[in-house]
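Below: the structure, in structure tokens.
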Amino acid sequence: MRHDLPLGLRHGGRPLKSWLTTAEPPWWLAFLAGGLAGLALPPLGWPWLLWIALVPLWRLSWRGGAVWGAAAVLVSHRWLLALHPLDWLGVPGLLSAPLVIGLWLICGVAAALLVGLWCALVQRAGPARLSTALSAAWLWAFAELLLAKGPLFWIG
Numbered sequence: 001m002r003h004d005l006p007l008g009l010r011h012g013g014r015p016l017k018s019w020l021t022t023a024e025p026p027w028w029l030a031f032l033a034g035g036l037a038g039l040a041l042p043p044l045g046w047p048w049l050l051w052i053a054l055v056p057l058w059r060l061s062w063r064g065g066a067v068w069g070a071a072a073v074l075v076s077h078r079w080l081l082a083l084h085p086l087d088w089l090g091v092p093g094l095l096s097a098p099l100v101i102g103l104w105l106i107c108g109v110a111a112a113l114l115v116g117l118w119c120a121l122v123q124r125a126g127p128a129r130l131s132t133a134l135s136a137a138w139l140w141a142f143a144e145l146l147l148a149k150g151p152l153f154w155i156g
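Numbering follows this note's numbering, in which position 58 of the sequence shown is assigned residue number 58; successive positions increment by one, without gaps.
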């Protein structure tokens with residue numbers, strides 16, 4: 001055991017700097033950042049958290065982007081779970097919970113696909129270029145606009 005290293009590195013750990021400079025951050029960082037993005041939205045409404053949550057997104061592959069997107073939407077759309085029971089719509093109690101949970105999970109999968117695709121496009125174009133940053137921001141805003149104007153506006 002090497003005593004000249006910090007405690008976490010003595011047992012084979014990696015320094016935080018290596019996690020921030022590798023090509024792909026660990027999946028849990030994508031999950032945590034996505035969760036922060038979900039918390040930034042109402043009802044908590046701490047928009048400054050979104051700036052922190054977006055930092056790892058720039059370096060994620062499509063898999064990491066999918067984890068980020070799913071976590072963000074599953075946290076921000078937790079209100080869907082409060083729709084249960086759906087007896088006010090005439091849905092029986094036994095069917096209500098699976099419907100609500102299924103709808104919530106479908107929203108998470110849709111976000112995973114969209115953000116994963118966005119991350120794949122960013123990585124393919126080269127995230128270090130200014131033109132990529134501008135194009136990626138435009139693409140994100142355009143996708144949000146399409147979601148907001150479409151029939152499934154409540155997903156985005």
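Idealized CB from N, CA, C, for every residue including glycine.
Quick one: what's got a C-beta closer than 8 Å to Trp62's C-beta in the same chain, skipping five residues either side? Same-chain partners within the cutoff: Gly116, Leu117, Cys119, Ala120 and Gln123.
Given a cut-off of 8 Å on the beta-carbon distance, is the pair Leu99 and Leu86 in contact?
yes
Can you tell me whether DSSP reads Leu60 as helix, strand or coil?
coil
| task | Could you say if the stretch 90-108 and the stretch 45-52 meet the contact criterion of at least three C-beta pairs nearer than 8 Å? | result | no
**Asked** Mapping DSSP to helix, strand and coil, what is Glu144?
**Response** helix
| Can Arg78 and Pro127 be called in contact, C-beta distance under 8 Å? | no
Residue range of the unbroken alpha helix (DSSP H) whose run includes Trp28: Trp27 to Ala40
Open item on the list: By the three-class DSSP mapping on this structure, what secondary structure does Gly108 have?
Closed with: In the three-state DSSP reduction, Gly108 falls in the helix class (H, G or I).
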